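Protein chains: 2
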Amino acid sequence: MNIVIIGLGVIGGGYAMALREAGYTEVYGVDSNITTLEKAKVLGIIKEGCLTGESVIPKADLVILAVYPDLVKEFIRNNIKLFKDGLIITDVTGIKEPFIEEVTEILPENIDFVFGHPMAGREKKGIDYATNTVFKGANYLITVTPKNKEENIELIQELAYKMGFKKVKKISPKYHDEMIAFTSQLPHALAVALINSDIEGRDTGSFIGDSYRELTRIANINERLWSELFLGNKNNLIVSIENFQRELESIKECIKNDNKDELEKLFVKSTKRRENL
Amino acid sequence: MNIVIIGLGVIGGGYAMALREAGYTEVYGVDSNITTLEKAKVLGIIKEGCLTGESVIPKADLVILAVYPDLVKEFIRNNIKLFKDGLIITDVTGIKEPFIEEVTEILPENIDFVFGHPMAGREKKGIDYATNTVFKGANYLITVTPKNKEENIELIQELAYKMGFKKVKKISPKYHDEMIAFTSQLPHALAVALINSDIEGRDTGSFIGDSYRELTRIANINERLWSELFLGNKNNLIVSIENFQRELESIKECIKNDNKDELEKLFVKSTKRRENL
Chain A
1 MNIVIIGLGV IGGGYAMALR EAGYTEVYGV DSNITTLEKA KVLGIIKEGC
51 LTGESVIPKA DLVILAVYPD LVKEFIRNNI KLFKDGLIIT DVTGIKEPFI
101 EEVTEILPEN IDFVFGHPMA GREKKGIDYA TNTVFKGANY LITVTPKNKE
151 ENIELIQELA YKMGFKKVKK ISPKYHDEMI AFTSQLPHAL AVALINSDIE
201 GRDTGSFIGD SYRELTRIAN INERLWSELF LGNKNNLIVS IENFQRELES
251 IKECIKNDNK DELEKLFVKS TKRRENL
Chain B
1 MNIVIIGLGV IGGGYAMALR EAGYTEVYGV DSNITTLEKA KVLGIIKEGC
51 LTGESVIPKA DLVILAVYPD LVKEFIRNNI KLFKDGLIIT DVTGIKEPFI
101 EEVTEILPEN IDFVFGHPMA GREKKGIDYA TNTVFKGANY LITVTPKNKE
151 ENIELIQELA YKMGFKKVKK ISPKYHDEMI AFTSQLPHAL AVALINSDIE
201 GRDTGSFIGD SYRELTRIAN INERLWSELF LGNKNNLIVS IENFQRELES
251 IKECIKNDNK DELEKLFVKS TKRRENL
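These protein sequences, in sequence, are chains A and B. According to UniProt numbering, the first sequence is numbered sequentially starting from 1. According to UniProt numbering, the second sequence is numbered sequentially starting from 1.
#1: Hey, how far is the Cα of I156/B from the Cα of I45/A?
#2: Under 8 Å between C-beta atoms, does F182/B make it to chain A?
#3: Look at the alpha carbon of V30/A and the alpha carbon of V92/A, and state the distance between them as a whole number of angstroms.
#4: When the cut-off is 8 Å and only beta carbons count, does G53/A lie next to chain B?
#5: Taking V72/B as part of the beta strand (DSSP E), name the residues at either end of that continuous run.
#6: Please list the segments of the alpha helix (DSSP H) lying wholly inside the region 210-258 of chain B, counting only runs of 4 or more residues, in order along the chain.
#7: Which partner residues does I46/A have in the DSSP bridge list?
#8: How many Å lie between R224/A and E264/B at the Cα?
#9: Using DSSP bridges, identify the partner residues of Y28/B.
#10: What did DSSP end up calling I95/B once you bin it into helix, strand or coil?
#11: If I measure Cβ to Cβ from E178/B and keep anything under 6 Å in the same chain, skipping five residues before and after, which residues do I get?
#12: How do the region 147-166 of chain A and the region 36-50 of chain A stand: do at least 3 beta-carbon pairs fall below 8 Å, yes or no?
#13: For L62/A and G126/A, I'd like the C-alpha separation in whole angstroms.
#14: Rounded to the nearest angstrom, what separates L199/A and N2/B at their Cα positions?
#15: Shortest alpha-carbon distance to A22/B belongs to which of E262/B, K136/B, R217/B?
#16: Could you please give me the residues that DSSP links to K169/B through a beta bridge?
#17: Buried or exposed for N132/B, going by 16 or more other Cβ atoms inside 10 Å?
#18: Give me the Cβ distance between N196/A and E247/B, rounded to the nearest whole Å; I'm assuming they're in contact under 8 Å.
#19: Per DSSP, what kind of secondary structure is V114/B in: helix, strand or coil?
#20: Determine the extent of the alpha helix (DSSP H) in which I153/A is found, giving its start and end residues.
#21: Taking just the CA atoms, how far does L190/B sit from G7/A?
#22: Would you mind stating whether K252/A and I251/B have Cβ atoms separated by less than 8 Å?
#23: From D25/B to T204/A, what distance separates their C-alpha atoms?
#24: According to the neighbour-count rule (16 or more other Cβ atoms, all chains shown, within 10 Å of its Cβ), is S32/B buried or exposed?
#25: Is it buried or exposed for P108/B, if we count other Cβ within 10 angstroms and need 16 for buried?
#26: Run through DSSP, which three-state label would T90/B get?
#27: Taking DSSP as the reference, what is the three-state secondary structure of I64/B?
#28: Verify the CB distance criterion: does N152/A have a CB-CB separation below 8 Å to chain B?
#29: Please list, in chain order, all residues of the same chain as I106/A whose beta carbon is under 7 Å from its beta carbon, the five residues on each side excluded.
#30: So, at 7 Å on beta carbons, what are the nonlocal neighbours of L82/A in its own chain, with the 5 sequence-adjacent residues on each side left out?
#31: Going by Cα to Cα distance, which pick from V144/A, N152/A, K167/A is closest to Y175/A?
#32: My assumption, with CB atoms under 8 Å, is that I100/B sits in contact with P173/B. Please give the rounded CB distance.
#33: Could you check the C-alpha separation between E275/A and R273/B for me, to the nearest Å?
#34: Identify the contact partners of N132/B in chain A, using a Cβ-Cβ distance below 7 Å as the criterion.
#35: How about S211/B and H188/A: are their beta carbons less than 8 Å apart?
#36: Contact check, L194/A vs T216/A under 8 Å by CB: the rounded distance?
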């Protein structure tokens, strides 16, 4: 199987590593950065790298789009004539419902786009931070559309397992976006708000333990990518933020009213939920 | 130096391990749980264990109180006649200002209580989860009072370094509580509110990545200890929660108004702060 990865950044580069480890040898990379292509070649994770797709896309059986969400449509428009009949495309985008609608509109009938979401990543960008270890044991989501062929969904599922993902779940784009707003985008919003709420000029570093370190790791955030993800899933994310705000307000009320019993109940609830996770 | 640790739970047990590794051999443990004492003896981290302090406290040069904050005063009241002249006491309590005032009131003149706060711990309780690895590279805070003798502060500082702490900072109880509300109690409040804001019955586990896992680790929380810490530092914690609420509201407003530029600015700010940490 000929695989072409578009974008060899922290995710695309990690995919190339995972595919090499899984035994795939016909993996090609397309990236607009020549240094990135050279690094990928030196690492031995691609057979060949190109600045544009003309020479490699026509022979692709599978194209993996590891680019910013708003570049996916652009890529399809610009390369539509290079796709061979029966090509499978997949992606790594963190939001799905409106995104899938837009992409499906411009997609030729003979191309099957199986939308995927690897639930793993790193806060840094670029091939220098790429690694496939983050995928090992991680969740992988497939958001199924009515146009997808069963055998192609199976192929993407198998590929995810071979790359090291532990659990592959098939769900609707709508449910995906609802859940991701809560499990991924909300934590990022909290991390950003936490570190931004610090008072300027304090020697905070001397007062932190593991909890602050962990809760702010993802406050180091790719602003272009995450502003797209936040705005692309705005309704779900606002619901998640507001559910969270109500819970935080409950805690604050307990503190204000010296309500130890109620506070302990909230802690017992959170402990039980965390243990069940 | 004879050291008596009161309470061989997750922190007191960890201290005993750290002291053994640092070469201290005259370390005694007092715990009301006989099984805990037996385990500590089998681990070789105490020379002797006792259910009450009568036999070991009189020979102590240093008493380390690793018990719940509200038991510290009780301990002093009940054991005051056993303290030898010049005894040094230290603690591991996560809040200081009102706590220190209360303790100092009942403390005899010839006893020096050097209040300490190891910025490390685990979400679980009990000796089975005790380890000294959490202290390695961690912060240690000493909240100095006017009654403390310089040589005793030095002794506690040296002890912290020998136990593996990387940085010891001496500060006022007031500043300690302000900072800890932000770096420790607020993250715990956020973790609890995050997991409690999940909608009951969803298969959340299939949709999580590292970020949700990290942000909720401390939602597994000792309800007795943390309700004491929250209520014992209520004014500072409410300020920290409200500063956080304003930042989260700013993010929500950006999302509601599709204000990508402003959202990116908040992300750039948080990234810079995290990198400087």
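Even glycine gets a Cβ: it sits at the ideal position worked out from N, Cα and C. Treat the numbers as computed from the prediction; the structure is a model and nothing was measured.
If we stick to the structure as given:
#1: Position 156 of the second sequence, counted from the first residue, corresponds to residue 156/B. Position 45 of the first sequence, counted from the first residue, corresponds to residue 45/A. One C-alpha to the other measures close to 53 Å.
#2: Translated into the one-based positions of the second sequence, residue 182/B becomes position 182. For F182/B, the answer is yes, since a Cβ of chain A falls inside 8 Å of its Cβ.
#3: On the first sequence, position 30 is the one that residue 30/A refers to. On the first sequence, position 92 is the one that residue 92/A refers to. Spanning the two alpha carbons is a distance of roughly 16 Å.
#4: In the first sequence, counting from the first residue as 1, residue 53/A sits at position 53. No, no contact with chain B.
#5: Taking the second sequence and counting its residues from 1, one reaches residue 72/B at position 72. No beta strand (DSSP E) contains V72/B, which is instead part of the alpha helix (DSSP H) from 69-79.
#6: 210-216, 223-232, 234-256
#7: Position 46 of the first sequence, counted from the first residue, corresponds to residue 46/A. Its beta-bridge partners do not exist; DSSP assigns none.
#8: As a first step, residue 224/A is located in the first sequence; it is residue number 224 there, counting from the start. As a first step, residue 264/B is located in the second sequence; it is residue number 264 there, counting from the start. Spanning the two alpha carbons is a distance of roughly 7 Å.
#9: For the purposes of this step, residue 28/B is taken as the residue at position 28 of the second sequence. DSSP output for Y28/B lists V4/B, E48/B as bridge partner(s).
#10: Position 95 of the second sequence, counting from 1, holds the residue named residue 95/B. Coil.
#11: Position 178 of the second sequence, counted from the start, is the residue given in the question as residue 178/B. Only N236 meet the Cβ criterion.
#12: no
#13: Walking along the first sequence from the start, residue 62/A turns up at place 62. Walking along the first sequence from the start, residue 126/A turns up at place 126. Roughly 22 Å between the two C-alpha positions.
#14: On the first sequence, residue 199/A is found 199 positions in, with the first residue counted as 1. On the second sequence, residue 2/B is found 2 positions in, with the first residue counted as 1. Going by the sequence as given, residue 199/A is Ile instead of Leu. Approximately 42 Å between the Cα atoms of the pair.
#15: Indexing the second sequence from 1 puts residue 22/B at position 22. Nearest option by C-alpha distance: K136/B.
#16: As a position in the second sequence, residue 169/B is number 169, starting the count at 1. Partner(s): L141/B.
#17: Taking the first residue of the second sequence as 1, we reach residue 132/B at position 132. Buried: at least 16 other Cβ atoms inside 10 Å.
#18: Residue numbering aside, residue 196/A sits at position 196 when the first sequence is read from its first letter. Residue numbering aside, residue 247/B sits at position 247 when the second sequence is read from its first letter. With 8 Å as the limit, N196/A and E247/B qualify as a contact, their Cβ atoms being about 5 Å apart.
#19: By 1-based counting over the second sequence, the position of residue 114/B is 114. In this structure, V114/B counts as strand in the three-state DSSP scheme.
#20: Along the first sequence, one-based indexing puts residue 153/A at 153. Here the alpha helix (DSSP H) through I153/A covers 150-162.
#21: Counting from 1 along the first sequence, the entry for residue 7/A is found at position 7. Counting from 1 along the second sequence, the entry for residue 190/B is found at position 190. Each residue's alpha carbon lies about 35 Å from the other.
#22: Counting from one through the first sequence, the residue named residue 252/A turns up at place 252. Counting from one through the second sequence, the residue named residue 251/B turns up at place 251. No, Cβ-Cβ distance for K252/A and I251/B is not below 8 Å.
#23: Residue mapping note: residue 25/B aligns to position 25 of the second sequence, counting from 1. Residue mapping note: residue 204/A aligns to position 204 of the first sequence, counting from 1. Sequence check: residue 25/B is Thr here, not Asp. Answer to the nearest angstrom: the Cα atoms are 36 Å apart.
#24: Translated into the one-based positions of the second sequence, residue 32/B becomes position 32. S32/B comes out exposed.
#25: Position 108 of the second sequence holds residue 108/B. By the neighbour-count rule (16 or more Cβ atoms within 10 Å), P108/B is not buried but exposed.
#26: In the second sequence, the residue the question calls residue 90/B occupies position 90. Note: T90/B maps to strand in three-state DSSP.
#27: Within the second sequence, the letter at position 64 stands for residue 64/B. In the structure shown, I64/B sits in a strand (DSSP, three-state: E or B).
#28: Walking along the first sequence from the start, residue 152/A turns up at place 152. No - not a single Cβ of chain B is within 8 Å of the one on N152/A.
#29: Taking the first residue of the first sequence as 1, we reach residue 106/A at position 106. For I106/A, where only same-chain residues beyond five positions count, the Cβ hits under 7 Å are K73, I76, R77.
#30: Position 82 of the first sequence holds residue 82/A. If we look at L82/A and ignore the five residues flanking it on each side, its Cβ neighbours are G53, E54, I57, P58.
#31: Sequence index remark: in the first sequence, residue 175/A carries index 175 (1-based). Checking every option, the nearest Cα to that of Y175/A belongs to V144/A.
#32: Here residue 100/B refers to the residue found at position 100 when the second sequence is read from its first residue. Here residue 173/B refers to the residue found at position 173 when the second sequence is read from its first residue. Sure, about 5 Å apart at Cβ, within 8 Å.
#33: Here residue 275/A refers to the residue found at position 275 when the first sequence is read from its first residue. Here residue 273/B refers to the residue found at position 273 when the second sequence is read from its first residue. Answer to the nearest angstrom: the Cα atoms are 32 Å apart.
#34: The count along the second sequence starts at 1 and reaches residue 132/B at position 132. Result: empty, since nearest Cβ-Cβ is about 15 Å, beyond 7 Å.
#35: On the second sequence, position 211 is the one that residue 211/B refers to. On the first sequence, position 188 is the one that residue 188/A refers to. Their beta carbons are under 8 Å apart, which means S211/B touches H188/A by this criterion.
#36: As a first step, residue 194/A is located in the first sequence; it is residue number 194 there, counting from the start. As a first step, residue 216/A is located in the first sequence; it is residue number 216 there, counting from the start. Rounded, the Cβ-Cβ distance is 6 Å, consistent with contact.
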